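In this note's numbering, the protein residues as written are 27 to 418. Data first, discussion second: the structure below is written as structure tokens.
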């Protein structure tokens, strides 16, 4: 028989959707790649259809606008809640880029999926509207399962107990034990092989080995408060190392390259990096907004998180989760007060110990294995012969 075709549909709307997809696809291919055909689809760009490219560009622009304007971000998420999953999904897919809905549905059919896996709500919607009739799996990277992630699918996944319990409580008709699962946080597989030796990592990076090290990042688009924080810390000339990751924000990176230290502060501006995990290992504190990826990754490596911004209600819920449920983060929105906190830590490093201990307790709650297993179990319901092969 032909192998079942599993399509991993990528969406570029912030790296919070891309990174977990890599985790799922990598682990699924590792475990089941010999039994199924795995296809990684750049869903909105590979067909070269202008309307689809415009749709993804709109998604990216909304992320950027939300980071530039908290009011805009909260307005977007408020609208999601107001209109709900069915009407909100229809309106978004129909009106965000008029004319994109039909070719998107057609593109699902062109991919011929037996199963479509996504970490963004849009591909799931198109798959459910298509004649291809694939099984659909949707992983929500956020703490709270927002309305567009509540659109019907065959299997919904979320990586925290608080989000799972809330969804089951408030949406019992939509979510049940069969179609909704809690899974570990989908950190990239390479996280498990990164050395956790702080001193050696600092040597490798060429930064001071015995100086308080602060990593600053604001997600893939580099929009937030780290520029102001860096200015204040440099002006005070605090004896700290600042690793400032600008991501795709080339203008910020160019501005940072003109910043000068008075002597005590080691300032290292960085662009889009491929060694973010090493930077976390080298750090004592992480400063940045409460994006799903950066918050979860800082927690995995036991790095206390100073949350400097909520761009949307989604990020507010993520922040509250790490502050109240996990205990690995604190909220300080004022850049001057962030610098004050760093000075406080310089005088009393023990301040960080409760946050470090809370983060380290979560270390076992990471990895894509269980997620891949749930997806395969669903596929076996349509293709029971796969289960028979596994038992052989």
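Cβ atoms here follow ideal geometry from the backbone N, Cα and C, with glycine treated the same way. Model, not experiment: these values are computed from the prediction.
Taking the continuous beta strand (DSSP E) assigned at residue 475, which residues delimit it?
This structure leaves residue 475 out entirely; the chain is present only between 27 and 418.
Could you pull the start and end residues of the beta strand (DSSP E) that residue 174 belongs to?
Careful: residue 174 lies outside any beta strand (DSSP E) and carries neither H nor E.
Please state if the CB of residue 238 and the CB of residue 252 are separated by a distance shorter than 9 Å.
no
Could you tell me if residue 120 is buried or exposed, where buried requires 16 or more neighbouring beta carbons within 10 angstroms of its beta carbon?
When all chains shown are included, residue 120 counts as exposed.
Taking DSSP as the reference, what is the three-state secondary structure of residue 418?
The predicted model places residue 418 with a pLDDT of 49, which falls under 50 and marks its position as unreliable, so this point remains unresolved.
Tell whether a beta-carbon distance below 9 Å holds between residue 158 and residue 173.
Residue 173 sits away from residue 158, with the two beta carbons spaced by 9 Å or more.
The beta strand (DSSP E) with residue 401 in it runs from where to where?
It is not in any beta strand (DSSP E) - residue 401 instead sits in the alpha helix (DSSP H) that spans 395 to 408.
For residue 357, which of helix, strand or coil comes out of DSSP?
strand
For the 8 Å Cβ check, are there 3 or more pairs between the region 124 to 142 and the region 368 to 378?
no
Note the first and the last residue of the continuous alpha helix (DSSP H) segment covering residue 276.
276 to 282
Please name the residue in 66, 175, 184, 111 whose C-alpha comes closest to that of residue 394.
Distances from the CA of residue 394 to each of 66, 175, 184, 111 were compared; the closest alpha carbon is that of 184.
Among 351, 213, 396, 400, which one has its Cα closest to the Cα of residue 42?
213
Leaving out the 5 sequence neighbours to the left and right, which residues in its chain are closer than 8 Å to residue 154 when beta-carbon positions are compared?
162, 177, 178, 179
Please state the DSSP three-state secondary structure of residue 32.
strand
What's the call for residue 316, buried or exposed, on a 16-neighbour Cβ count within 10 Å?
buried
Assign residue 325 to one of three DSSP states: helix, strand, or coil.
Correct three-state label for residue 325: helix.
Which residues in the same chain as residue 402 place their Cβ atom closer than 6 Å to its Cβ, once the five residues preceding and following it in sequence are excluded?
58, listed in sequence order.
Taking DSSP as the reference, what is the three-state secondary structure of residue 151?
helix
Assign residue 330 to one of two classes, buried (16 or more other C-beta atoms within 10 Å of its C-beta) or exposed (fewer than that).
buried
Residue ranges of each alpha helix (DSSP H) run of no fewer than 4 residues wholly in the region 113 to 152, ordered along the chain?
The region 113 to 152 contains these whole alpha helix (DSSP H) runs: 127 to 137.
Return the first residue and the last residue of the beta strand (DSSP E) that residue 74 is part of.
Unbroken run through residue 74: none, as it is neither H nor E.
Skipping 5 residues on each side, what residues in its chain have a beta carbon closer than 8 Å to that of residue 413?
406
Whole angstroms are fine: how far does the CA of residue 30 sit from the CA of residue 418?
Residue placement at residue 418 is flagged as unreliable, the pLDDT there being 49, under the threshold of 50; the coordinate-derived value follows with that caveat. So the two alpha carbons sit approximately 18 Å from each other.
Could you work out which residue in 141, 148, 90, 91 is closest to residue 117 when comparing CA atoms only?
148
Identify, in the order they occur along the chain, each residue of the same chain with its Cβ nearer than 7 Å to the Cβ of residue 77, setting aside the five sequence neighbours on each side.
Within the same chain, residue 77 has close Cβ partners 123, 125, 126, 129.
Answer yes or no: the CB of residue 317 versus the heavy atoms of the ligand GTP, is any distance below 8 Å?
The ligand GTP is absent from the structure shown, which contains no ligand whatsoever.
Considering only DSSP beta bridges, list what residue 312 is partnered with.
Beta-bridge partners assigned by DSSP to residue 312: 241, 331.
Taking the C-alpha atoms as reference points, what is the distance between residue 47 and residue 347?
22 Å
Would a C-beta distance cut-off of 9 Å place residue 86 and residue 39 closer than the cut-off?
Taking the C-beta atoms as reference points, residue 39 is found nearer than 9 Å to residue 86.
Can you tell me the Cα-Cα spacing of residue 110 and residue 197, whole angstroms?
12 Å
Beta carbon of residue 218, beta carbon of residue 391: below 9 Å?
no
Count Cβ pairs between the region 221 to 239 and the region 288 to 304 that sit closer than 8 Å; are there 3 or more?
They touch, by the three-pair rule.
Is residue 285 close to chain D, meaning its C-beta is less than 9 Å from at least one C-beta of that chain?
Absence of chain D from the displayed structure is noted, only one protein chain being present.
Hey, out of 397, 370, 107, whose CA is closest to residue 266's CA?
370
Is it the case that the Cβ atoms of residue 386 and residue 322 are separated by a distance below 9 Å?
no
If contact is defined by three or more beta carbon pairs under 8 Å, each pair taking one atom from either stretch, is the region 296 to 309 in contact with the region 222 to 236?
yes
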